[in-house]
Every structure is written in structure tokens, then in C-alpha cells.
Amino acid sequence: MLGKQPQRAQVPDQQKQRQIRRPADRYHPGVKQRVLLVEDEEAIAEPLTEHLDREGFQVEVAATLSQARRAIEREMPDLILLDLMLPDGDGRDLAKEIRRTSDVPIVMLTARGEEIDRVLGLELGADDYVVKPFSARELAARIRAILRRGRPTERRSPIEIGDLVLDPAARTVTKAGEPIELTPREFDLLHLLMANAGRVVRREEIMDEVWDPHWFGPTKTLDVHISWLRRKLGDDAQEPRYIATVRGVGFRFLVPEEAGAEREPETD
Ligand code: CA
458 MLGKQPQRAQ
468 VPDQQKQRQI
478 RRPADRYHPG
488 VKQRVLLVED
498 EEAIAEPLTE
508 HLDREGFQVE
518 VAATLSQARR
528 AIEREMPDLI
538 LLDLMLPDGD
548 GRDLAKEIRR
558 TSDVPIVMLT
568 ARGEEIDRVL
578 GLELGADDYV
588 VKPFSARELA
598 ARIRAILRRG
608 RPTERRSPIE
618 IGDLVLDPAA
628 RTVTKAGEPI
638 ELTPREFDLL
648 HLLMANAGRV
658 VRREEIMDEV
668 WDPHWFGPTK
678 TLDVHISWLR
688 RKLGDDAQEP
698 RYIATVRGVG
708 FRFLVPEEAG
718 AEREPETD
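Structure below.
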């Protein structure tokens with residue numbers, strides 16, 4: 458465990474045994490993936506670096522925001538692990554800066570009880586977060602899941618439903634021809650729902666596909682992302698045109714003829 462108190466997450470056996478089903482097309486054997494670890498606490502940075510190094514990542518540590526900025530300017534890493542509280546400022550500011558120009562995956566390293574910070578971190582475009590103390594092994598698994606999800610390279614044709622067009626290859630979404638800015642996570646979420654339009658996609662299925670195959674625990678973050686997505690699409694949870702909530706089950710992307718025809722209150 459890295460950080461202060463030990464903490465053991467309960468992972469149901471079936472989840473432990475679940476195999477990773479995503480294609481391995483984004484693995485590049487022999488090429489180490491570069492992780493920038495922005496963390497000022499040596500007690501965390503050192504053992505984590507060692508562990509990730511053993512797991513085959515190339516890790517660079519930045520102890521301050523300015524070091525991190527220099528490292529990023531030199532070369533954008535494949536993934537950034539970002540502490541929130543740094544000696545020369547707030548990790549969230551750096552996340553905001555990065556998001557203006559890059560969709561590099563960002564994983565926030567948060568301290569316990571920073572509940573609001575977590576949500577803010579995700580709103581700023583972070584892909585995931587871990588709460589200190591965390592296990593290096595679990596973090597490495599999450600990093601792999603995020604990098605595997607990566608940025609799709611395979612050619613897939615755009616999905617067009619009503620006035621929305623989602624292009625998986627270009628990772629763009631337009632509504633009536635106007636581009637909609639989505640975070641990588643929101644994009645993946647919308648992609649999954651649109652690819653299954655008309656069908657209910659269960660919450661567990663979404664967590665599995667859009668978050669990671671080892672997801673366990675609360676899925677509140679899903680509701681938060683759905684509400685951001687609705688806001689960006691100009692959708693109304695009470696009278697959905699696009700995303701309908703199926704209470705206790707999941708979400709369904711509406712095909713045009715049924716859009717607006719149903720009223721399903723949003724679960725909260
Ligand atoms: Ca810190």
C-alpha cells in the first residue's frame with residue numbers, strides 16, 4: 458500500500474476472475490509506455506516508480522507543477538498520474554492546461570476525503586482517480602486498462618442517429634453539424650450508448666466497457682458523467698431526446714421515433 462493507512466478493497470471472486478475482453482491491438486510489444494508521475498511525496502513516488510518500472514513502464518517523476526510542465530513540453534507521455542496538492546500549486550490547474558491541447562489519459566491521485574475534488578477532477582477531464590492509500594498493483598492494472606482503451610486506431614464508420622453523428626475514428630461528435638466537445642470518457646460513454654441505440658445498456662456493462670473490466674464499488678460516477686453528457690447534448694433527463702434512464706437497470710439511447718415519447722425520471 459502506498460500512503461498512510463492500509464486499505465483493502467473487497468473484490469468479488471467473479472470480478473477477479475473476469476478476463477480482459479478488449480482487443481490487444483494497442484499493445485506495442487517492446488515499446489515501453491511512458492508514464493509521467495507528478496507527485497511530491499517521496500514515500501509514494503519512490504515505491505510506485507519502482508513497481509511501475511517492474512511492470513514494464515518507463516516512469517518519469519516530477520515533484521512540482523513546473524517540473525511536470527517541462528517534462529510535458531519535452532515530450533507528451535502516454536499517461537499522466539497527477540497528485541492534486543503540489544508545492545507550487547494545484548494539480549487540477551495542470552489538468553486544465555493539458556486538456557486544452559491533449560487527450561492524454563490523466564489519473565488523479567487524491568487523498569482520502571477529497572470527495573468534491575474527485576468529481577472536479579473528472580469534470581476537468583481526468584480519466585480516472587485513485588484514493589490514497591492505494592495499491593501499486595491495482596493502479597498498474599488501471600493504467601493498463603486505460604492505455605488499452607486508448608485512442609482507437611481502427612477504422613470504424615461514423616454512427617448517425619437523428620441529428621447526432623459520432624465518428625469513432627476521428628473521435629468527434631456533431632449535433633446538427635455543430636461540433637460538441639466531449640472528454641475522452643464522455644465520448645466513450647456516448648459511443649457505447651449510440652452503438653447500442655434502442656437497447657438498454659446495463660450499468661455494469663457500462664462500467665465494464667467505459668471504465669475498466671476490474672471496476673467494483675459504487676457507480677455514482679456514471680450518473681455524474683451521464684448528466685454532463687446530457688448537458689452537452691442539450692438533453693433533458695425528464696423528457697429525453699437522446700439518453701433515457703431505465704431506473705435501476707441502466708441507460709438507453711433513443712432512436713428518433715421514440716425520442717421525447719417517453720418520460721422516465723432520472724435516478725439520483
Ligand atoms: Ca502532494
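Here our numbering runs 457 ahead of the position in the sequence shown, where the first position is 1.
No residue lacks a Cβ here, since even glycine has one placed at the ideal position from N, Cα and C.
Quick caveat: nothing in here was measured; it's all calculated off a predicted structure.
heavy atom of ligand 1 below 7 Å from residue i C-beta
i	result
A542	The amino acid occupying residue 542 in the given sequence is Met; Ala does not appear at that position. Within the cutoff, so yes.
D550	no
E503	no
D545	no
E499	no
Opposing strand residues paired with residue i [DSSP bridges]
i	result
V622	E617, T631
P636	T631
E517	L493
D585	V564
R709	V657, A701
I537	L493, I563
G546	L543
Between the CA atoms of residue j and residue i - distance to the nearest angstrom
i	j	result
A530	E496	For the record, residue 530 in the displayed sequence is Glu; it is not Ala. Distance between the alpha carbons of E530 and E496: 18 Å.
E635	D620	10 Å
F710	E643	14 Å
F708	L639	18 Å
A701	A626	26 Å
A602	Y699	28 Å
P615	T629	9 Å
R594	E714	47 Å
V703	A654	13 Å
D584	D680	15 Å
V658	K632	22 Å
A525	D545	11 Å
D550	W685	20 Å
D665	P641	16 Å
S523	V588	24 Å
V516	E499	14 Å
A652	E503	42 Å
R511	R527	25 Å
R483	Q490	Bear in mind that a pLDDT of 40 at R483, under 50, signals an unreliable position, so the number given afterwards is only what the model happens to contain. Spanning the two alpha carbons is a distance of roughly 11 Å.
Exposure label - residue i; buried when at least 16 CB within 10 Å
i	result
G548	buried
T558	exposed
P534	buried
P697	buried
P675	exposed
Nearest-angstrom beta carbon gap, residue j and residue i [assumed within contact, 8 Å]
i	j	result
M565	L536	That belief does not hold up - the Cβ atoms of M565 and L536 are roughly 12 Å apart, past 8 Å.
L494	T506	6 Å
L432	T567	The displayed coordinates of the chain run from 458 to 725. Any statement about residue 432 would go beyond what the structure contains.
D645	R688	That pair is no contact at about 17 Å.
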